[in-house]
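Residues 52 to 578, numbered by our numbering, are exactly what the sequence shown covers, in order. Here a beta-carbon is modelled for each residue, glycine too, at the ideal position from N, C-alpha and C. These numbers were taken from a predicted model, which means no experiment stands behind them. Below is one structure; the comments refer to it alone.
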Amino acid sequence: MPKTASWKNGTNCCSWDGVTCHMSKDYVIGLDLSSWLQGALHSNSTLFLLRNLQRLNLADMSRISPTSLTNLSSTLTSLRLDGCRLQGTFPINIFHLPNLCILSLFDNSNLMGALPQTNWSSSPLVRLSLSFTKFQGPIPDSVGNFTSLEYLHLDGSKFTGSVPPTLWNLDRLSSLRLGGINLSGTVDFDMLARLKYLEDLYLWGNLNLMLPNNGNRSFPRLKELILSGVNLTEFPYFLSSLEELEWLNLYGNKISGPIPEWFGRMWSKTMIILDLSSNNFTGEIPSSICQLRNDLRTIRLSQNRLEGTLPRSLVNCKNLEVLDLSENKLEDRFPYWLDTLPNLQVLDLRSNKLRGLINSFGKNNHPFPKLHIFDLSDNKFYGHLPAKYIANFIAMKDKARSASQYMWVNHSQATYQDSVMVVMKGFTIELQLPPSTSSGDGEEKAQFGHWIEWWVVAMGYGCGISFGISTGYIMLETRRPKWLVRKVERWLMRMVERKRRKKKTRSKKNAAQRNHARYLSMTDFAH
52 MPKTASWKNG TNCCSWDGVT CHMSKDYVIG LDLSSWLQGA LHSNSTLFLL RNLQRLNLAD
112 MSRISPTSLT NLSSTLTSLR LDGCRLQGTF PINIFHLPNL CILSLFDNSN LMGALPQTNW
172 SSSPLVRLSL SFTKFQGPIP DSVGNFTSLE YLHLDGSKFT GSVPPTLWNL DRLSSLRLGG
232 INLSGTVDFD MLARLKYLED LYLWGNLNLM LPNNGNRSFP RLKELILSGV NLTEFPYFLS
292 SLEELEWLNL YGNKISGPIP EWFGRMWSKT MIILDLSSNN FTGEIPSSIC QLRNDLRTIR
352 LSQNRLEGTL PRSLVNCKNL EVLDLSENKL EDRFPYWLDT LPNLQVLDLR SNKLRGLINS
412 FGKNNHPFPK LHIFDLSDNK FYGHLPAKYI ANFIAMKDKA RSASQYMWVN HSQATYQDSV
472 MVVMKGFTIE LQLPPSTSSG DGEEKAQFGH WIEWWVVAMG YGCGISFGIS TGYIMLETRR
532 PKWLVRKVER WLMRMVERKR RKKKTRSKKN AAQRNHARYL SMTDFAH
């Protein structure tokens, strides 16, 4: 419900939802209208008559023209326009408002602009977010004059060139996000080490990161670290000193060799999300993982060359929601002992060297109680998959009325949104998801540009399990994910019809082959 629903004529506006007044003088100093308001905001709006306005939040309000913002009060200290679908060029004069401390334009993908070449030494700006806009051009050297700046978020924008050396003079920065920009060149880690107050650092895209020769560098407050695709070739030793790290992403580098044993012990401290996928790690998964009580929710080690067995200590990860060990060289039996994990939603073991029967040897009557996605394809399993393993597949629900997000994972207000891949009998189809809505506050939604894919597998190619496409249909139909059922059903019918035609042709040529062929009939879909 819009905040303006509580605005009634004849009542004191200071009591209205979203309105903040001065404590003693009863004039408006703050407006928070971040509630999906509709309608246009014109330059002659009475909003711009509020000469004492200090805080203005219009996040997610549509039909705002950037030119209507040129009359903002010089008393303004905070302006939030996240997700407003702004188009055109952002007024440069707003950067010169003398008291502006917070400017957030996150998620305005058609908003153009540039950082002005200005001496910013007198600017009180503390927080600047231009993430996922079309702000372009070089990052000017003058950015180093934002001496009060604590948050600088430029990820997903269109800036080009190199990182100006003056940026490392911003020694008050606690949040620096430069991911997904067409910046080039090398970032010297020694320069980064000047930023002692960093709590989150996002570097991913075209940048290269040059690590120090020794590990005597420390970020005592660092909680979130994304160094994705920055051409690292060795495991960063400085991680050993990060005692508060909660989120680590080293996806898409060139790191080779084993995962250090000391890092395995580190997982048991503060880590919540760990992504080491798409590297060249070898050896075994450290046996020290999860040996102590921990808060790990996501472990992604996919697309490496890890060998050996799955460490039994994984059963201690009681908060684990996502375990992705796909595309490695793991050799083991089916890890039935994971079925006691109370929160596990995604188990992806595809494309390894796992073998044997898939069975539950424990006494757990409700294995995998929250399992949504279960991928065992491209292994050497055989036999029947216990029905109780897929009884609780509930990831694909039909929520068209609310257009809610599908399978999102939220951590520190950053959201992963995922596509669905359905793999059946060796055939893969990608499904477009329904439109999604925000799960978090304006600027902080969908910050991380590495989209991960969830895989739903009824029977993978080479898996050897004898229940085929119909099981996938049962799984989908049982929970009534209507949009997905309809799409998969049409695809299945086409596949069945093609198989029928091939069956008729082949039966004329070789009756013996026909007796051994396995084709699905229409009765498969009746269960």
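Own chain, CB closer than 8 Å to residue i, minus 5 neighbours either side, in chain order
i, result
"V238", "V214, L254, L258, N259, L260, M261 and V281"
"V366", "C341, W388, L389, T391 and L392"
"S333", "Note that residue 333 is Thr in the sequence shown here, rather than Ser. Closer than 8 Å at Cβ, skipping near neighbours: S307, G308, P309, N355, R356, L357 and E358."
Residues near residue i by beta carbon distance below 6 Å, same chain, minus five either side
i, result
"T118", "none"
"E297", "K274, T321 and I323"
"H73", "I80"
"S182", "F157, H204, D206 and G207"
"T349", "I324 and V373"
"R228", "H204, D206 and Y253"
"S353", "S328, D375, S377 and E378"
"F425", "L398"
"F270", "L249"
"S163", "Going by the sequence as given, residue 163 is Met instead of Ser. Result list for M163: T140 and K185, in chain order."
"Q483", "Caution applies to Q483, whose pLDDT of 37 falls short of 50 and renders its modelled position unreliable; the value that the coordinates give is listed next. So no residue of the chain qualifies."
"R351", "D326, S328 and D375"
Residue range of the unbroken beta strand (DSSP E) whose run includes residue i
i, result
"G139", "Q138 to T140"
"E275", "E275 to S279"
"S113", "Neither: S113 is in no beta strand (DSSP E) and is coded neither H nor E."
"G308", "S307 to P309"
"D429", "Here D429 belongs to no beta strand (DSSP E), and DSSP marks it neither H nor E."
"D251", "D251 to W255"
"I80", "V79 to D83"
"G164", "N159 to G164"
"L98", "Element bounds for L98: n/a, residue is neither H nor E."
"I350", "T349 to R351"
"P189", "T184 to P189"
"G212", "K209 to S213"
"N259", "N259 to M261"
"R228", "S226 to R228"
"S235", "N233 to S235"
"D326", "I324 to D326"
"G407", "R406 to L408"
"R131", "S129 to R131"
"C580", "As shown, the chain starts at 52 and ends at 578. That puts residue 580 outside it, with no answer to give."
"R178", "R178 to S180"
"N300", "W298 to N300"
"V194", "Here V194 belongs to no beta strand (DSSP E), and DSSP marks it neither H nor E."
"I153", "I153 to S155"
Assumed close pair residue i, residue j - CB separation to whole angstroms, cut-off 8 Å
i, j, result
"L166", "E201", "The pair is not a contact, with the Cβ atoms about 17 Å apart (cut-off 8 Å)."
"N394", "L371", "6 Å"
"L221", "F186", "Actually they do not touch by this definition, with Cβ atoms about 18 Å apart."
"L347", "D326", "At roughly 12 Å, the Cβ-Cβ gap does not stay under 8 Å, so L347 and D326 are not in contact."
"R178", "S155", "7 Å"
"L130", "L107", "5 Å"
"S33", "R401", "The question about residue 33 has no answer here: the residues shown for the chain are numbered 52 through 578."
N-terminal and C-terminal residue of the alpha helix (DSSP H) that residue i is part of
i, result
"L243", "F240 to L243"
"R316", "E312 to M317"
Rounded straight-line distance, which links the Cα of residue j to that of residue i
i, j, result
"N331", "L293", "23 Å"
"G61", "I277", "52 Å"
"L361", "L290", "24 Å"
"K380", "G407", "16 Å"
"C65", "K54", "13 Å"
"V471", "Q396", "The pLDDT assigned to V471 is 44, lower than 50, so where the model puts this residue is not dependable; a value taken from the coordinates is nonetheless given after this. Those two C-alpha atoms are separated by around 14 Å."
"H435", "I336", "28 Å"
"D579", "G230", "Outside the shown range of the chain (52 to 578) lies residue 579, about which nothing can therefore be said."
"S75", "L104", "15 Å"
"L176", "L151", "6 Å"
"T128", "D77", "19 Å"
"F286", "G303", "13 Å"
"R245", "R272", "13 Å"
"K305", "T284", "5 Å"
"T211", "I232", "7 Å"
"S86", "A110", "7 Å"
"N159", "L120", "15 Å"
"S116", "T169", "25 Å"
"K421", "G195", "49 Å"
Own chain, CB closer than 7 Å to residue i, minus 5 neighbours either side, in chain order
i, result
"L101", "V79 and S124"
"R316", "S339"
"G69", "K54, L82, D83 and L84"
"D383", "T360, L361 and L405"
"P311", "F286"
"W67", "S57 and W58"
Residue-level contact to chain B via CB, residue i, 7 Å cutoff
i, result
"K247", "Among the protein chains of the structure shown there is no chain B, as only one such chain exists."
Quiz item: If we count Cβ pairs, one from each stretch, closer than 8 Å, do we get three or more for the segment 143 to 150 versus the segment 188 to 202?
Solution: no
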